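Novice:
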Amino acid sequence: MTTVIHAVIGYFWLLFTVRFLTRRPGAQMTPFEFVLVFLMGGVIILSIVGNDRSETNSVIAVMTVGLLHRLVSALAVRYRGFAAIVEGIPVVLLDRGEWRTDVMRKMKIQETDVMAAGRVKGAKSFDEIRYAILERLGSISIIKQKE
Amino acid sequence: MPLQTKPVEDTVPKINNEVAVGEDLDFQRAWWRVERGIWIFFLVLIIADLLGAFGRGWLAKAHATTQDKSLDVSYERIQRYSTPSILRIKIPGSIVHDSKAQLWVSEDLVKSLGNQRVVPHPDRSVLGRNGILYTFPVSTPPMTLQFALQPTSIGTNHISFQSPGFERLDLKIWVMP
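Order-wise, the sequence lines are chains U and H.
Numbered by the numbering used here, the letters in the first sequence go through residues -19 to 127 in order.
Numbered by the numbering used here, the letters in the second sequence go through residues 366 to 542 in order.
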């Protein structure tokens, strides 16, 4: 019983905190995001399992978190507004040669991050990038200028 | 059973009528405002925690004495669930008789606050009056008793201490989840 309650609180608290980190960990695994993922996971698991290190407890905790994830995913697919809250929405960082500086600042994205994504798509400089879009999951999509 | 299909429609809003991004700047601006509020809230919580508002800090520490000075208790008024803490009781010479001191503690000290052990070890412990009456050997008063607590009950807990024939001390301890 306690494990289930702690797992529910832990899941939603972690989701809530990570969602408010602005730059979502996962797609952009810089050392900063590694620290967040491992440290937060390690801290939250302690309160979920508590002093009970039994197999039963860990199985229940894993099943609870798995079910919650499935529930949140199902709600996100069903309701677009809920998806926007838990997963975020894409935002344009670079629009036809113009940086959207307020968006960049608020999303804590640097021009070098955009150029890094551009190089993956074969762009040699910003001139070759028509659009840069910060996706819901934290990756940056690049659409190059037409030849 | 046939596979369900539907025709592709342009449901994702385009930017500059060129790229289907699905951007919603009104939502995003509202989100940034909420985000700012949440981080201020987090900052307030962290400062409150550093001060001990959620236990294990300056604000959590407390001290209580009976008017007749028979008991002097140092404790944490805010504790955390299943987290060890020490409650200290100073026993003055006035309550020591025949090199022994008696102390009655209410049962919540064990039931809710999870008393793990008492130092020094009592000579006797007798159950009664909804609590436990301990008898401790005292060689040179004053002496300090230590109760090692590990709370098992979240919320407000009331505990009482009394040396027989002296004033009773009632304490309220809040246990954080």
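Heads up, the beta-carbon is just placed ideally off N, CA and C, and yes, glycines get one too.
None of the values given here were measured: they were computed from a predicted structure.
Sorted by chain position, which residues of the same chain lie with C-beta nearer than 6 Å to residue 469 (chain H)'s C-beta, five sequence neighbours on each side aside?
Specialist: Position 104 of the second sequence, counted from the start, is the residue given in the question as residue 469 (chain H). These residues qualify, in order along the chain: 496, 498, 527.
Novice: How close, in whole Å, do the beta carbons of residue 424 (chain H) and residue 416 (chain H) come, if the pair is a contact with beta carbons under 8 Å?
Specialist: To locate residue 424 (chain H), count along the second sequence from 1; it is residue 59. To locate residue 416 (chain H), count along the second sequence from 1; it is residue 51. Yes, residue 424 (chain H) and residue 416 (chain H) are in contact; Cβ-Cβ is about 5 Å, under 8 Å.
Novice: Which word fits residue 401 (chain H), buried or exposed, when buried means at least 16 other C-beta atoms lie within 10 angstroms of its C-beta?
Specialist: For the purposes of this step, residue 401 (chain H) is taken as the residue at position 36 of the second sequence. Label assigned to residue 401 (chain H): exposed.
Novice: Span of the alpha helix (DSSP H) holding residue 500 (chain H)?
Specialist: Translated into the one-based positions of the second sequence, residue 500 (chain H) becomes position 135. Careful: residue 500 (chain H) lies outside any alpha helix (DSSP H), inside the beta strand (DSSP E) at 496 to 502.
Novice: Would you report the Cα separation of residue 531 (chain H) and residue 41 (chain U), rounded to the nearest angstrom?
Specialist: The residue labelled residue 531 (chain H) in the question sits at position 166 within the second sequence. The residue labelled residue 41 (chain U) in the question sits at position 61 within the first sequence. Their backbone Cα atoms lie some 50 Å apart in a straight line.
Novice: In the structure shown, what three-state DSSP assignment does residue 522 (chain H) receive?
Specialist: Indexing the second sequence from 1 puts residue 522 (chain H) at position 157. Here residue 522 (chain H) sits in strand by DSSP.
Novice: Over the uninterrupted alpha helix (DSSP H) stretch that includes residue 386 (chain H), give me the two end residues.
Specialist: Taking the first residue of the second sequence as position 1, residue 386 (chain H) is located at position 21. Where residue 386 (chain H) is concerned, there is no enclosing alpha helix (DSSP H), given that its DSSP letter is neither H nor E.
Novice: Going along chain U, which residues have a C-beta under 8 Å from residue 447 (chain H)?
Specialist: Counting from 1 along the second sequence, the entry for residue 447 (chain H) is found at position 82. Going along chain U in sequence order, the residues near residue 447 (chain H) (Cβ under 8 Å) are 30, 31.
Novice: Taking all protein chains shown into account, do 16 or more other C-beta atoms lie within 10 angstroms of the C-beta of residue 122 (chain U), making it buried, or fewer, making it exposed?
Specialist: Here residue 122 (chain U) corresponds to residue number 142 of the first sequence, with the count starting at 1. Residue 122 (chain U) comes out buried.
Novice: Could you name the residues of the same chain whose beta carbon sits closer than 7 Å to that of residue 504 (chain H), not counting the 5 residues immediately before and after it, in chain order?
Specialist: Along the second sequence, read from residue 1 onward, the residue named residue 504 (chain H) stands at position 139. Here the set comprises 464.
Novice: I need the straight-line Cα distance from residue 448 (chain H) to residue 21 (chain U), nearest angstrom please.
Specialist: Start at 1 with the first residue of the second sequence, and residue 448 (chain H) comes out as number 83. Start at 1 with the first residue of the first sequence, and residue 21 (chain U) comes out as number 41. The alpha-carbon atoms of residue 448 (chain H) and residue 21 (chain U) are separated by roughly 20 Å.
Novice: Tell me which same chain residues have a C-beta within less than 7 Å of the C-beta of residue 116 (chain U), skipping the five on either side of it?
Specialist: Here residue 116 (chain U) refers to the residue found at position 136 of the first sequence. Here the set comprises 67, 68, 69, 70.
Novice: Is there a C-beta anywhere in chain H that falls below 8 Å from the one on residue 86 (chain U)?
Specialist: Looking up residue 86 (chain U) in the first sequence gives position 106. Yes, because at least one Cβ of chain H sits closer than 8 Å to the Cβ of residue 86 (chain U).
Novice: By DSSP's criteria, residue 111 (chain U) is part of a beta bridge. Which residues make up the other side?
Specialist: Residue 111 (chain U) sits at position 131 when you count from the first residue of the first sequence. Residue 111 (chain U) is bridged to U:75, U:123.
Novice: Please name the residue, chosen from H:437, H:481, H:441, that lies closest to residue 507 (chain H) on a Cα-to-Cα basis.
Specialist: Taking the second sequence and counting its residues from 1, the one referred to as residue 507 (chain H) is at position 142. Checking every option, the nearest Cα to that of residue 507 (chain H) belongs to H:437.
Novice: When the Cα atoms are used, what is the spatial distance from residue 514 (chain H) to residue 441 (chain H)?
Specialist: The sequence position of residue 514 (chain H) within the second sequence is 149, counting from 1. The sequence position of residue 441 (chain H) within the second sequence is 76, counting from 1. Roughly 10 Å separates the two Cα atoms.
Novice: Alpha carbons only, please: which of H:439, H:487, H:386, H:389 is nearest the one belonging to residue 534 (chain H)?
Specialist: As a working mapping, residue 534 (chain H) is identified with position 169 in the second sequence. The shortest C-alpha separation from residue 534 (chain H) is found at H:439.
Novice: Taking only beta-carbon positions, decide if residue 393 (chain H) is within less than 8 Å of chain U.
Specialist: Residue mapping note: residue 393 (chain H) aligns to position 28 of the second sequence, counting from 1. At least one chain U Cβ lies under 8 Å of residue 393 (chain H).
Novice: With DSSP run on the structure shown, which of helix, strand or coil describes residue 438 (chain H)?
Specialist: Here residue 438 (chain H) refers to the residue found at position 73 of the second sequence. Correct three-state label for residue 438 (chain H): strand.
Novice: For the alpha helix (DSSP H) holding residue 98 (chain U), just list the boundary residues, first then last.
Specialist: Taking the first sequence and counting its residues from 1, one reaches residue 98 (chain U) at position 118. Note, residue 98 (chain U): alpha helix (DSSP H), 91 to 100.
Novice: By the criterion of Cβ-Cβ separation under 7 Å, what are the contact partners of residue 403 (chain H) in chain U?
Specialist: Position 38 of the second sequence, counted from the first residue, corresponds to residue 403 (chain H). Those are 0, listed as they occur along chain U.
Novice: Suppose you measure from the CA of residue 18 (chain U) to the CA of residue 24 (chain U); what does that come to, to the nearest Å?
Specialist: Working through the first sequence from its first residue, we reach residue 18 (chain U) at position 38. Working through the first sequence from its first residue, we reach residue 24 (chain U) at position 44. C-alpha separation (whole angstroms): 10 Å.
Novice: Is there a Cβ from chain U that is less than 8 Å from the Cβ of residue 501 (chain H)?
Specialist: Counting from 1 along the second sequence, the entry for residue 501 (chain H) is found at position 136. Not closer than 8 Å to any Cβ of chain U, the Cβ of residue 501 (chain H) fails to qualify, so no.
Novice: Going by DSSP in three states, residue -6 (chain U) sits in which element: helix, strand or coil?
Specialist: Along the first sequence, one-based indexing puts residue -6 (chain U) at 14. Of the three classes helix, strand and coil, the one that applies to residue -6 (chain U) here is helix, per DSSP.
Novice: Spatial neighbours of residue 627 (chain H) within its chain, please: CB distance less than 6 Å, with the 5 preceding and 5 following residues excluded, ordered by chain position.
Specialist: Since the first and last residues shown for chain H are 366 and 542, residue 627 (chain H) lies out of range.
Novice: Helix, strand or coil: how does DSSP classify residue 370 (chain H) here?
Specialist: As a first step, residue 370 (chain H) is located in the second sequence; it is residue number 5 there, counting from the start. Residue state, collapsed to three classes: coil.
Novice: Pull up the CB-CB distance for residue 517 (chain H) and residue 458 (chain H), whole angstroms please, since I reckon it's below 8 Å.
Specialist: As a first step, residue 517 (chain H) is located in the second sequence; it is residue number 152 there, counting from the start. As a first step, residue 458 (chain H) is located in the second sequence; it is residue number 93 there, counting from the start. Wrong, their Cβ atoms sit about 35 Å apart, outside the cutoff.
Novice: Within the chosen definition, does the region 72 to 90 of chain U reach the region 30 to 48 of chain U through at least 3 CB pairs nearer than 8 Å?
Specialist: In short, these stretches do not touch, since the Cβ pair count stays below three.
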